[in-house]
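This report refers to the structure that appears directly beneath it.
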Amino acid sequence: DQQVKQNSPSLSVQEGRISILNCDYTNSMFDYFLWYKKYPAEGPTFLISISSIKDKNEDGRFTVFLNKSAKHLSLHIVPSQPGDSAVYFCAASVNYGGSQGNLIFGKGTKLSVKP
Amino acid sequence: EPEVTQTPSHQVTQMGQEVILRCVPISNHLYFYWYRQILGQKVEFLVSFYNNEISEKSEIFDDQFSVERPDGSNFTLKIRSTKLEDSAMYFCASSESHEQYFGPGTRLTVT
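So the sequence lines, in the order shown, correspond to chains A and B.
My numbering runs 912 ahead of the 1-based position in the first sequence.
My numbering runs 2 ahead of the 1-based position in the second sequence.
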C-alpha cells in the first residue's frame, strides 16, 4: 500500500532551468511533508518541509507547494544546478499530540541536471 | 554543523549471527529512529524511540530486533539472529521537531 507516491522515477533538466518534482499521497491524516535529497552510499539529507496548514514554503532555490485537496505536493528547484543531481525523496508523517511520527517515504525521483 | 554519525559503515556477517549497529544522534535531539533501505526499494521505517522507550515500531521490527540507548550519546540497533533478507542499508535519524536528520548509514551484508 503506497501511501506516498512519486510516479516519475527520473527527470532530466538543463542547467539554469526549473526542476519540478512531484509527489502524491493517499493518507489524509498526514500533517507534515518533507523533501530529502540522497546521493549514492549516503544518508538522506533534509531539504525543505511544509506543514499541512500551509500551501507554500520557500528556502532559497527550493520551494515546496502543497495542494491538500488534490493530495499533491511538488518541489521546485530554480535555477537548477549540476550539483542538484541526486535522488529526491518525498516523505510524510502523522504527528499525534506533539509526538513526532515516523516518516513514510516515496520511491524517489532521480534528477539529472545537465550542464 | 552537528550531524548524526553511524558505525560501522559496512558490516558483513554470517546468517544467524548477532549484529549491533551504532549511532550517535545530534546531541540536543530527543527523538531517535531507525530506518532501512533494501537495495532498489523504498526507505522503510523500523522503530522510533523517545524518553528511553520505543514509541512506535513497524511490522518489520519483530522480536529479532531491539534498540537501546546505553548511555547519553549512543543509540543502538541489535539484530539477534540475522537472516539473508536483513541485508540492507540501515539509517539512524534524530529530531527535535518534525525534521529528521539522517546519518550516512551502515551497509549490512548477511552471507
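Note that beta-carbon positions come from the ideal geometry of N, C-alpha and C, so glycine has one too.
Closer than 9 Å to chain A by CB, residue i
i: Val14/B; result: no
i: Val45/B; result: yes
i: Glu61/B; result: no
i: Arg10/B; result: Before going further, note that residue 10/B is Pro rather than Arg in the sequence given. By this cut-off, Pro10/B is not an interface position.
i: Ser99/B; result: yes
i: Phe67/B; result: no
i: Pro106/B; result: yes
is_contact[residue i, chain B] using C-beta, thresh 9 Å
i: Lys1019/A; result: yes
i: Tyr948/A; result: yes
i: Phe1001/A; result: yes
i: Gln926/A; result: no
i: Tyr944/A; result: yes
i: Gly972/A; result: no
i: Leu987/A; result: no
i: Ile993/A; result: The amino acid occupying residue 993/A in the given sequence is Gln; Ile does not appear at that position. No, because no Cβ of chain B sits closer than 9 Å to the Cβ of Gln993/A.
i: Pro956/A; result: yes
Cβ distance (whole Å) where residue i is taken to contact residue j below 8 Å
i: His100/B; j: Gln915/A; result: Incorrect: roughly 17 Å between the Cβ atoms, too far for contact.
i: Tyr33/B; j: Ser50/B; result: 7 Å
i: Thr78/B; j: Arg38/B; result: Contact flag wrong, Cβ pair sits at about 15 Å.
i: Val976/A; j: Ile962/A; result: 5 Å
i: Asn1014/A; j: Glu20/B; result: Not confirmed; about 25 Å, so no contact.
Under 9 Å between C-beta atoms of residue i and residue j
i: His988/A; j: Tyr937/A; result: no
i: Val999/A; j: Leu1023/A; result: yes
i: Glu3/B; j: Gly105/B; result: no
i: Ser96/B; j: Tyr35/B; result: yes
i: Gln8/B; j: Phe93/B; result: yes
i: Ser992/A; j: Gln918/A; result: no
Spatial distance of residue i from residue j (CA atoms)
i: Phe945/A; j: Asp88/B; result: 28 Å
i: Arg973/A; j: Ser931/A; result: 10 Å
i: Ser68/B; j: Gln102/B; result: 21 Å
i: Cys935/A; j: Ser83/B; result: 37 Å
i: Ala982/A; j: Phe942/A; result: 13 Å
i: Val45/B; j: Ser997/A; result: 19 Å
i: Gly955/A; j: Ala1003/A; result: 14 Å
i: Thr957/A; j: Gly107/B; result: 12 Å
i: Ser922/A; j: Lys950/A; result: 14 Å
i: Gln43/B; j: Val112/B; result: 17 Å
i: Lys85/B; j: Pro10/B; result: 19 Å
What residue ranges within the segment 947 to 1002 of chain A form continuous beta strand (DSSP E) runs of no fewer than 3 residues, ordered along the chain? 957 to 963, 968 to 971, 974 to 979 and 984 to 989
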